[in-house]
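Colleague:
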Amino acid sequence: MALFVIGDTHLSLSVDKPMDIFGGWKNYMQRLEENWKAAVQPEDTVVIPGDVSWAMSLQEAEKDFAFLHQLPGQKILLKGNHDYWWTTKSKMDQFLEEKGFTTLTILHNNSISAEGVSLCGSRGWMFEQGQEHDKKLIAREAGRIRASLQDAQRFGEQEKILFLHYPPVFMQDSIPEFLDVMKEYGVKRCYYGHIHSHGCRYAFQGNWEGVELAMVSADFLGFAPKKIG
Numbered sequence: 031m032a033l034f035v036i037g038d039t040h041l042s043l044s045v046d047k048p049m050d051i052f053g054g055w056k057n058y059m060q061r062l063e064e065n066w067k068a069a070v071q072p073e074d075t076v077v078i079p080g081d082v083s084w085a086m087s088l089q090e091a092e093k094d095f096a097f098l099h100q101l102p103g104q105k106i107l108l109k110g111n112h113d114y115w116w117t118t119k120s121k122m123d124q125f126l127e128e129k130g131f132t133t134l135t136i137l138h139n140n141s142i143s144a145e146g147v148s149l150c151g152s153r154g155w156m157f158e159q160g161q162e163h164d165k166k167l168i169a170r171e172a173g174r175i176r177a178s179l180q181d182a183q184r185f186g187e188q189e190k191i192l193f194l195h196y197p198p199v200f201m202q203d204s205i206p207e208f209l210d211v212m213k214e215y216g217v218k219r220c221y222y223g224h225i226h227s228h229g230c231r232y233a234f235q236g237n238w239e240g241v242e243l244a245m246v247s248a249d250f251l252g253f254a255p256k257k258i259g
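One rule links them: number in our numbering = place in the sequence shown (from 1) + 30.
1. May I have a chain-ordered list of the alpha helix (DSSP H) segments no shorter than 4 residues that lie completely inside the region 111 to 153?
2. Tell me whether the beta-carbon of Trp238 lies closer than 8 Å to the beta-carbon of Val211.
3. List the whole-angstrom C-beta distance separating Ala172 from Cys150, where the pair is believed to meet the contact cut-off of C-beta under 8 Å.
4. Taking only the alpha-carbon atoms, compute the straight-line gap between Lys257 and Gly103 and give it to the nearest angstrom.
5. Going by the DSSP bridge assignment, what does Gln104 pair with across the sheet?
6. Determine the direct distance from the alpha carbon of Arg231 to that of Met201, and round the result to whole angstroms.
7. Which residues in the same chain as Gly54 place their Cβ atom closer than 8 Å to its Cβ, once the five residues preceding and following it in sequence are excluded?
8. Return helix, strand or coil for Leu209, following the three-state DSSP convention.
9. Could you tell me which residues DSSP puts in a beta bridge with Gly37?
10. Which residue marks the beginning of the beta strand (DSSP E) containing Lys190, and which one marks its end?
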């Protein structure tokens, strides 16, 4: 069994949001499917930290969920800034159950034990350089990160891996509220997405205050799930 991650799949089987118009995204769904099937086995787990689908509702996202469901492995879905289909966890869980999407699980204010580690995460928040942070949104997301990490305490001494959609550090700017919670709960690894195209050159990867950060946007990874455990 293995653990993989890939963010920003931006599926659009039910809406007219072709990503092919962007550089590097040509035939991305075909490339994603081929790479996924070449690397992931049915017993593996794949985390998708946000921007899963362009759909505007759960019903509209059904074809995208079906596409993910037929791929090997269990998939853990987090919220991104473009996941407009996102609603309450109970409604999402009910929808996935009713449609028989048994390989899809929502991660929201909770944690999931898989492959011997605790999977935790939230959307996070993106700040603009030179702009004052939105303190209310950052405090809310810090609370959700804390809730997820706190929930993972029930899994004992397992390593807690944190997944965010937005980067907690960009260039040399960080969100201390998020890093403080990570350090409080002993997080040593954090994976994030959101950044694309020319922005990738500014994404921070490496050790920041004791936490290893890595970007996992689909186009940055060449539409191939990254094995992390």
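Just so you know, even glycine gets a beta-carbon here, dropped at the ideal spot from N, CA and C.
Modeller: In brief:
1. Along the region 111 to 153, the alpha helix (DSSP H) occurs as fully enclosed runs of 4 or more residues at 119 to 128, listed in sequence order.
2. Judged by their CB atoms, Trp238 and Val211 are not nearer to each other than the 8 Å cut-off.
3. Contact doesn't hold; Cβ gap of about 13 Å is too wide.
4. So the alpha carbons of these two residues sit roughly 13 Å apart.
5. For Gln104, the beta-bridge partners assigned by DSSP are Thr75.
6. Their backbone Cα atoms lie some 9 Å apart in a straight line.
7. For Gly54, where only same-chain residues beyond five positions count, the Cβ hits under 8 Å are Ser227, Asp249.
8. In the three-state reduction of the DSSP assignment, Leu209 falls in the helix class.
9. According to DSSP, which records beta bridges pairwise, Gly37 is partnered with Ser247.
10. Going by DSSP, Lys190 is part of the beta strand (DSSP E) stretching over 189 to 194.
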